[in-house]
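Notes follow once the structure below has been shown.
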Amino acid sequence: IITHILKKNIQITGNHQMARIVRHNDESIREGYMRNGGKEVKLFTSALKAFQCNNRKFMAQRKHLDDFLRGRIIGRLECGRTQLDVSEELGIAQSVISRLWQRLQDDGNVSRCYSTGRPRVTTTNEDRYLAVTAKRNRRSTASDLSRQLSSATGTTVSRQTVYRRLGHIGLYARRPVRCVPLTATHCRLRLAWSREHALWTPQQWPCVMFSDESRFSLQSDSRRTFIWRAPGTRYHQENTFERHRYGGVGWLVWGRIILGYRTDLHVQSVTMTGHIYRDVILEQHVRLFRVLNFCLWMATPVLTVQTL
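This is the structure in structure tokens:
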């Protein structure tokens with residue numbers, strides 16, 4: 001009996017598995033309800049739940065009908081097709097078709113009415129132009145991209161619009177990573193040294209002294225330059241900015257570490273030259289280390305590793 005009542009009162013569409021209530025004894029019944037003894041009883045079916053879920057997804061991404069599609073809908077309705085048939089064929093909600101047909105009957109016009117929401121100022125191609133331009137020149141600012149878009153397409157957008165369009169594709173303004181310029185020779189020598197000492201034992205490493213120096217520049221570097229990059233691409237080559245650390249006036253601090261031991265820092269206020277490095281650093285620090293450890297590791301030569 002229940003199956004007979006459902007078949008009589010419900011029509012399931014193939015696109016969305018929608019439970020739609022049609023007329024019963026020339027009386028309209030609300031969607032999601034069925035007639036039982038002169039009363040409307042709410043109907044809970046898996047088809048109705050699936051329709052409600054799909055309808056929420058569809059409403060979140062719905063778009064306006066273009067003029068060509070409006071003409072197709074009106075043409076089918078004028079040929080005698082039902083709104084439900086047109087809805088199933090074109091994949092458009094019956095409520096949209098009903099409003100379109102009602103507007104034609106009332107006003108005789110199916111053109112798009114004025115909407116309260118502000119339309120997008122950029123098209124899909126213009127959004128793609130912004131993305132390509134930002135990736136080609138990652139140091140360009142939002143104002144630069146706005147001016148380039150205006151000169152190329154004639155569309156004027158604000159800086160915030162540029163930020164939003166690039167944010168939709170995962171590009172955000174971030175500071176670039178600073179790294180020391182390394183040539184192919186530097187990379188090859190560092191890789192060879194790492195492979196050569198990869199299998200050293202704990203007894204061999206104590207005879208190696210690692211030295212490092214840091215220069216504190218007295219000239220300001222605000223690092224206010226931003227680049228456009230996607231999350232997780234911070235250390236990609238196109239997102240790094242090579243900069244020499246030893247330009248301008250500053251103080252140089254030198255130090256060394258050994259396995260289980262470290263020395264005091266040596267502060268050098270004058271410009272570090274080859275002669276000063278030899279007379280001060282090598283003679284007063286490195287040579288003293290060699291003398292103190294020569295008797296302990298006589299068979300193993302002492303290495304001085306200077307890192308950049």
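Just so you know, we're using my numbering here: the sequence shown kicks off at 1 and counts up by one. Where is the CB? At the ideal position from N, CA and C, for every residue including glycine.
Listed in chain order, the alpha helix (DSSP H) elements of length 4 or more contained wholly in the stretch 182-237 are 184-196. For the pair of segments examined, the stretch 273-286 was found not to touch the stretch 226-243: the number of CB pairs separated by less than 8 Å stays below three. Shown here, H285 sits in a helix according to DSSP, grouped into three states. In the DSSP assignment, T240 falls within the beta strand (DSSP E) that extends over T240 to E242. Following the DSSP letters along the chain, one finds Y129 inside the alpha helix (DSSP H) bounded by residues T124 to R136.
Contact annotation: T82 and E126 have beta-carbon atoms that are not nearer than 8 Å. Beta bridge pairing from DSSP links Q268 with L252. Here the stretch 161-175 makes no contact with the stretch 249-256; the two share fewer than three CB pairs at distances below 8 Å. Between the alpha carbons of L191 and M209 lies a gap of roughly 19 Å.
When beta bridges are read from the DSSP output, Y261 appears opposite I258. R174 is positioned such that its CB atom lies closer than 8 Å to that of R229.
Taking C-beta atoms under 8 Å as the contact rule, S87 and I97 qualify, at a distance of about 6 Å.
Under DSSP, Y172 forms a beta bridge with R229.
One thing to note: V110 has its Cβ within 8 Å of the Cβ of R70. Just measuring C-alpha positions, the residue of T271, S158 and K135 sitting nearest S146 is S158. Residue pairing of V177 in beta bridges, as defined by DSSP: T240. The shortest C-alpha to C-alpha distance from S269 to any of D66, R178, S214 and E89 is the one to S214. When rounded, the separation of the alpha-carbon atoms in H186 and L171 is 32 Å.
Within the same chain, and ignoring the five residues on either side of P206 in sequence, the residues whose Cβ sits closer than 6 Å to its Cβ are L259.
Separation of A184 and W193 (C-alpha to C-alpha, rounded to the nearest whole angstrom) is 14 Å.
DSSP places I73 inside the alpha helix (DSSP H), whose first and last residues are D67 to E78. V157 sits in coil when the DSSP states are folded into three classes, being neither helix nor strand.
Residue state for I92 is assigned as coil, using DSSP reduced to three classes.
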